[in-house]
Each structure stands twice: as structure tokens, then as C-alpha cells.
Amino acid sequence: MAMIAMREALRQAMVEEMRRDPTVFLMGEEVAEYDGAYKVSQGMLAEFGPDRVVDTPIAETGFAGLGVGAAMAGMRPIIEFMTFNFSLVAFDQVINSAAKVYQMSAGQYPCPIVFRGPNGHAENLASQHSTSVDSLYAHFPGLKVVCPATPADAKGLLKTAIRDNNPVVFLESELMYGWKGEVPDGEYLIPFGVADLKREGTDLTLISWGKPVHTCLKAAEELAKEGISAQVLDLRSLRPLDHDAIFNAVAKTHRVVVVQEGHLFAGVAAEISARIMESCFDLLDAPVLRVTNRDVPEPYATILEKLVVIDPERIVAAARRVMGRA
């Protein structure tokens, strides 16, 4: 095991796959000469050259579409969005082209492309740089949607994404690029659709993905002080979704809080809650509760930002409610 930062784990995954497969290349804003806006691609231009580490204009529509065409032609592009907020400019390319071309071509054109970059809340970046888009992309069949919470998961999942023959939306977090964790030595892949139990518990389950997993772990520590044993289930991927892990967690603890760093209305947390209600209703001892960001555009000011974004205190309060202690 090596203790490395999230950005290093992501870089290792890309470098290893580019060394293994000459059809893999990285393209996006500032990925080459500047070593990446968050230094994820640091040093890659020197090793692979400008044909495989490609700087682009500030034109997401253009380079996302170029990447889709390259994937259809047999390449394996990694498209970096400087923030997934900017991917909305290329929504048509991702949704109407990448996600649908395999079906529309009757299987003649697979689209092995990875769209990756930071998603969701980052400090003092205001509304247009802080949107969580996981629910948007998870809505569409044809896409796989992945949200790593640790450096080890990030590396294994990204390598899987690059090798996948389908388009993958790979959602990272700007705030996590410097966070460190143990990453196994040597080659390894993590399959999609396999959740990971990040903490054992017996009284209730906190379900989340991406950066909020760490918020859940902090909340679980606080709940333990009150004698409440909370387990934390990290979904890791939203499409495909590990239904068995979710349903087994319900069967074990009978109480669930779903935590999402997005808006309340029409989110992935709502989808998970509905599936639990539909499939596991008789196993529940309390209604499934959701903890999300407040249902407003994210403000810039720090004091207002703290009112909007999920925190351990709100998760603890929801856990007390499902435990009947509120």
C-alpha cells in the first residue's frame, strides 16, 4: 500500500492505461501545458506528447463531440471537464450522441469514452461552479455513472472506466484532489455496480457516494457517542446500482438515511428511497429519510454556503429521527 493523494491515484490510472493501450488519450482544457487545472495530469504531456495529452479551447461542445467521434472510430478518449458544471454546455454530445449511438447504430458503433472531472460543492465557487450533476446523468440509460470516495476506489474505478466499451461519466470532487488514502500496489480493477461497506454498524444504514461518504463517516462517529451504531454504505457507482447491497443493508439494520450532495427534488436519493420502499417495505422499522443540500442555488458567501451544504449535524439529526430519538 502507498499513501497518495486522490489526484495521484487518478493520474496513475490514466498513465497505466495509456502505457498499456495506445488508443487511450486525454483531452481537455489545460490538461497538457498547465499540467491540469488541479494537477491531475501533471507530467503526462512530457511522457506521452501533445498527440495523446491534448489541450483544447474553452469549448466543451467541441471537444466533447470530438471525443465521441474518436470513440466511434476506435479510440478510447478521456475527456476532462474543468468542472462538470461546464459539461452542461456539452449535454447534447454526452446524452444524444455518446449515450445513444450504440443502440441507434444497432451495435455497430460502441462508444468507449470517459467524461471525468470535478463535480459538486467546492468552497466559495458560487452557483455556476458548484452544481452536483450526478442525478442528471444517472437519469439516462446508455451512460455509466461512477462516483469514487477514496483514492484507492478512484484508481480502480477509473481503470475500469477506461477499459469499458460504454460511455462513463466519472464524477470526482475538487475538494478531494489533495485528500490522501492507501492505494494498493500493482494492477487492480474495481468493477462497477459493487458497493463498498465503509463502516460496519447494526442500528441504521447511511447510504451515500462520492465526497459525502466522508460526511457520513463523521456523522457515524458522532452517533456512536450516543450509542447508535451506524454503518456507511458507499455505492461507488450509480449506474449500474448495487441493489443487492442496498437491500441487504435494509435487511440488516431496518433503518436507512440516504445522503446526497445534490438538491432534494428528483435526485438519486429519491430514486434509492423509492426502490427501498418498493422492494423492502416490510423490512423497514421507520421511513427512509433523505439528507441533501438545501433546495436553492449554492451561494458564494461562506456563512450562507454552510447553511446550504450537507453536514454531519444534519445527518445525525436525521438518524435520530429514524431511531425514534428526535
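In the numbering used here, the protein residues as written are 50 to 375.
Virtual Cβ for every residue (Gly too), placed ideally from N, Cα, C.
Check, Outcome
"Quick one: residues in its chain with C-beta nearer than 7 Å to the C-beta of residue 238, no 5 flanking neighbours on either side, listed in chain order?", "205, 208, 209"
"I'd like the span of the alpha helix (DSSP H) that includes residue 152, first residue to last.", "150-153"
"DSSP has residue 337 in a bridge; who is on the other side?", "Answer is none; residue 337 lacks a bridge partner."
"Hey, how far is the Cα of residue 258 from the Cα of residue 294?", "13 Å"
"Let me know the secondary structure DSSP gives residue 221 once reduced to three states.", "strand"
"Please classify residue 70: does DSSP put it in a helix, a strand, or coil?", "coil"
"Does any C-beta atom of chain B lie closer than 8 Å to the C-beta of residue 82?", "Protein chain content of the structure displayed is limited to a single chain, and chain B is not contained in it."
"Can you list the alpha helix (DSSP H) stretches of 4 or more residues lying completely in the stretch 221-300, in chain order?", "261-274"
"Does DSSP put residue 374 in a helix, in a strand, or in coil?", "coil"
"Which class does residue 3 belong to by DSSP, given the choice of helix, strand or coil?", "As displayed, the chain neither begins before 50 nor continues past 375, which places residue 3 out of reach and without an answer."
"Can you tell me which of the three DSSP states residue 306 falls into?", "strand"
"For residue 327, does the three-state DSSP call read helix, strand or coil?", "helix"
"For residue 166, name the three-state secondary structure that DSSP assigns.", "strand"
"Among the candidates 156, 178, 66, 185, whose CA atom is the shortest distance from the CA of residue 287?", "185"
"Strictly by DSSP, which residues pair up with residue 75?", "102, 127"
"Just curious, the alpha helix (DSSP H) that residue 211 is in, first and last residue?", "200-212"
"Relative to the C-alpha of residue 57, which residue among 72, 74, 93, 142 is closest?", "93"
"How big is the Cα-Cα spacing for residue 374 and residue 89?", "44 Å"
"When the Cβ atoms of the stretch 145-155 are set against those of the stretch 166-181, are three or more pairs found closer than 8 Å?", "no"
"Are residue 309 and residue 348 close, meaning C-beta to C-beta below 8 Å?", "no"
"Taking 8 Å as the cut-off, decide whether the C-beta atoms of residue 142 and residue 110 are in contact.", "yes"
"Verify whether the separation of the beta carbon atoms of residue 360 and residue 312 is less than 8 Å.", "no"
"Quick one: residues in its chain with C-beta nearer than 8 Å to the C-beta of residue 250, no 5 flanking neighbours on either side, listed in chain order?", "269, 278, 279, 280, 281, 302"
"Can you say whether residue 166 is buried or exposed, counting buried as having 16 or more other CB atoms within 10 angstroms of its CB?", "buried"
"State buried or exposed for residue 289, treating a residue as buried only when at least 16 other CB atoms are found within 10 Å of its CB.", "exposed"
"Let's see if you can read the secondary structure: which residues bound the alpha helix (DSSP H) around residue 355?", "351-357"
"Taking the Cβ atom as the reference point for each residue, do residue 67 and residue 112 lie within a distance shorter than 8 Å?", "no"
"Where do the N-terminal and C-terminal ends of the beta strand (DSSP E) with residue 194 fall, by residue?", "193-195"
"Could you tell me the distance, in whole angstroms, from the CA atom of residue 75 to the CA atom of residue 252?", "45 Å"
"For residue 86, does the three-state DSSP call read helix, strand or coil?", "coil"
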